[in-house]
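**Q** Just so you know, we're using the working numbering here: the sequence shown kicks off at 281 and counts up by one. Glycine included, every Cβ here is placed at the ideal spot set by N, Cα and C.
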Amino acid sequence: MVENRTLGSSELLKALFPHSGHARILGFTGAPGAGKSTLVDQLAKHYRKHNKSIGIIAVDPSSPYTGGAILGDRIRMQDHFADAGMYIRSMATRGSLGGLARTTADVATVLDASGRDLVMIETVGVGQDEVDIVRLADVTIVILVPGMGDDVQSIKAGIMEIADIFVINKSDRDGAERVEKEIRALQSLAIRHDNWTPTIVKTVASEGKGIEDLASAISNYETYLQKENLALKRSIHNWQERLVEMLRDALLERVHEQIGDEAWARYAAEVAEHKRDPYTLMEEILGGMTGTARETPRPVGENKGLRDDITEKLLRTK
Ligand SMILES: Nc1nc2c(ncn2[C@@H]2O[C@H](COP(=O)(O)OP(=O)(O)OP(=O)(O)O)[C@@H](O)[C@H]2O)c(=O)[nH]1
Ligand SMILES: [Mg+2]
């Protein structure tokens, strides 16, 4: 429901939010095929051994319908099917009104509120959406691999900046040292507000090598945040961005409700033909906004009645 933003999902999120805030959110990003899923799986296994409950959100917006990754994640789910301490959710919702980052954050809130100790989010680091997703995690892990033509230089600058921890996966291949050197070189130029020097961890995810090191790197960073009193600061900073995004979504939804596609196309045509100026138009739109904030009903398919029923029950039990 939250993923599709169907009717009742806002109520659900409002009720769940007070129960969230206990899980640690780990964000993983890296080029396609870098080994994100393998790594997350291995790390999840590691945490399961320490009796931590896990939620995994695999975001794969690049292949909304036939994505191999989604299929792969289905198979992963079967692997862990019998383990109630492990929950995996694949999402492919590019183009959804409200943005991928927001939807992912909301789904993470649900898992968090469900009492998971850790929520791991993995996403291909190609677009702004993906950067936004992992940037909002408590710990952001960027996965690089030797070779593959994607030298560190060519990795999006935005991705380099958000890394709290670098993983050089596929370290069984030649060139891991070179990648490490390149990261160090770039690091000497970057200035972080929290003065943290991102750790570099080498792994061979497919063989389970380096996973313990990665787990220690994660907990070291968390300890650093706590010690320096930065955890709350980081969270406030994240919320500043999230609130702006939520406001933008809410305004857009409201305007969309009141204006509709047809009028929107007509306005665009009028501006394109210079029959009116866009600045006055914006003022008119904002000035014309009425009513109180409310949830936009979305098409929900056949299960609508059932879903509403479930929400009601959930809220009542609460
Ligand atoms: N040689 C080697 N292969 C690895 C390693 N880790 C993962 N692989 C392999 O790399 C391939 C891609 O791994 P995935 O975990 O699916 O990578 P991903 O980043 O999740 O891929 P997408 O979700 O498609 O972007 C798989 O065939 C893995 O078995 C490693 O450390 N060394
Ligand atoms: Mg994957």
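Pull up the distance between the alpha-carbon of Ser486 and that of Ala385, whole angstroms please.
**A** As a working mapping, residue 486 is identified with position 206 in the sequence shown. As a working mapping, residue 385 is identified with position 105 in the sequence shown. For the pair Ser486 and Ala385, the Cα-to-Cα distance works out to about 28 Å.
**Q** What first and last residue would you give for the beta strand (DSSP E) that runs through Gly310?
**A** As a position in the sequence shown, residue 310 is number 30, starting the count at 1. Taken as a continuous stretch (DSSP letters only), the beta strand (DSSP E) holding Gly310 covers 304 to 310.
**Q** Taking C-alpha atoms, which residue in Leu391, Thr560, Phe446, Gln408 lies nearest to Gln467?
**A** As a first step, residue 467 must be located in the sequence shown, where it is residue number 187. Among Leu391, Thr560, Phe446, Gln408, the Cα nearest to that of Gln467 is on Phe446.
**Q** Compute the beta-carbon to beta-carbon distance between Asp454 and Gly490, rounded to the nearest angstrom, for a pair I have assumed lies under 8 Å.
**A** Within the sequence shown, numbered from 1, the residue matching residue 454 stands at position 174. Within the sequence shown, numbered from 1, the residue matching residue 490 stands at position 210. Not quite, the Cβ-Cβ distance comes to about 17 Å (not below 8 Å), so this is no contact.
**Q** Which residue comes first and which comes last in the beta strand (DSSP E) that contains Thr420?
**A** On the sequence shown, residue 420 is found 140 positions in, with the first residue counted as 1. Thr420 -> beta strand (DSSP E) spans 419 to 424.
**Q** Name the DSSP bridge partner or partners of Tyr367?
**A** Here residue 367 corresponds to residue number 87 of the sequence shown, with the count starting at 1. Gly335.
**Q** Could you give the residue range of the alpha helix (DSSP H) that holds Ile516?
**A** Sequence index remark: in the sequence shown, residue 516 carries index 236 (1-based). Unbroken alpha helix (DSSP H) run through Ile516: 511 to 552.
**Q** To the nearest angstrom, how far is the alpha carbon of Ala381 from that of Asp541?
**A** The count along the sequence shown starts at 1 and reaches residue 381 at position 101. The count along the sequence shown starts at 1 and reaches residue 541 at position 261. Spanning the two alpha carbons is a distance of roughly 24 Å.
**Q** Could you round the C-beta distance between Gly307 and Ile463 to whole angstroms and report it? I think they count as a contact, below 8 Å.
**A** For the purposes of this step, residue 307 is taken as the residue at position 27 of the sequence shown. For the purposes of this step, residue 463 is taken as the residue at position 183 of the sequence shown. Contact between Gly307 and Ile463 does not hold, since their C-beta atoms are separated by about 18 Å, which reaches or exceeds 8 Å.
**Q** Just checking: is the beta-carbon of Asp452 within a distance shorter than 8 Å of some beta-carbon in chain B?
**A** The chain labelled as chain B is not found in the depicted structure, where only one protein chain is given.
**Q** Excluding the 5 residues preceding and the 5 following Tyr501 in the sequence, name in chain order all residues of the same chain whose CB lies nearer than 6 Å to its CB.
**A** As a working note, residue 501 is residue 221 in the sequence shown. Closer than 6 Å at Cβ, skipping near neighbours: Val419, Asp444.
**Q** Given a cut-off of 8 Å, decide if Ala372 and Asp340 are closer than it, judged by their beta-carbon atoms.
**A** The residue you call residue 340 lines up with position 60 of the sequence shown. The residue you call residue 372 lines up with position 92 of the sequence shown. It is a contact, given that the beta carbons lie within the stated cut-off.
**Q** Leaving out five residues on either side along the sequence, give the residues of the same chain with a beta carbon under 7 Å from the beta carbon of Gly488.
**A** If you number the sequence shown from 1, residue 488 lands on position 208. Closer than 7 Å at Cβ, skipping near neighbours: Gln322.
**Q** On a Cα-Cα basis, can you pick out the residue from Asp412, Ala511, Lys482 that is closest to Trp476?
**A** Looking up residue 476 in the sequence shown gives position 196. It is Ala511.
**Q** Taking Val411 and Ile368 to be in contact with their CB atoms under 8 Å, please state how far apart those CB atoms are, rounded to whole angstroms.
**A** Taking the sequence shown and counting its residues from 1, one reaches residue 411 at position 131. Taking the sequence shown and counting its residues from 1, one reaches residue 368 at position 88. That belief does not hold up - the Cβ atoms of Val411 and Ile368 are roughly 22 Å apart, past 8 Å.
**Q** Excluding five sequence neighbours on each side, which residues of the same chain lie with their C-beta closer than 6 Å to the C-beta of Arg304?
**A** Counting from 1 along the sequence shown, the entry for residue 304 is found at position 24. Cβ neighbours of Arg304 beyond the five flanking positions: Leu398, Asp418.
**Q** Hey, how far is the Cα of Ala456 from the Cα of Gly301?
**A** Numbered from its first residue, the sequence shown carries residue 456 at position 176. Numbered from its first residue, the sequence shown carries residue 301 at position 21. Their Cα atoms are separated by approximately 36 Å.
**Q** Between the Cα of Glu441 and those of Ala470, Ala465, Val459, Thr503, spot the shortest distance and give me the residue it belongs to.
**A** Along the sequence shown, read from residue 1 onward, the residue named residue 441 stands at position 161. Nearest option by C-alpha distance: Ala470.
**Q** Could you pull the start and end residues of the beta strand (DSSP E) that Leu494 belongs to?
**A** For this step, residue 494 is matched to residue 214 along the sequence shown. Note, Leu494: premise wrong, no beta strand (DSSP E); alpha helix (DSSP H) at 491 to 507.
**Q** Can you find the residues in the same chain that come closer than 6 Å, C-beta to C-beta, to Glu402, ignoring five residues on each side of it along the sequence?
**A** On the sequence shown, residue 402 is found 122 positions in, with the first residue counted as 1. Within the same chain, Glu402 has close Cβ partners Phe308, Lys316, Val320, Ala338.
**Q** Consult DSSP for Val399 and reduce its assignment to one of helix, strand or coil.
**A** Here residue 399 corresponds to residue number 119 of the sequence shown, with the count starting at 1. Reduced to three states, the DSSP call for Val399 is strand.
**Q** In terms of residues, what are the limits of the alpha helix (DSSP H) holding Val447?
**A** Residue mapping note: residue 447 aligns to position 167 of the sequence shown, counting from 1. Element bounds for Val447: not the alpha helix (DSSP H) but the beta strand (DSSP E), 445 to 448.
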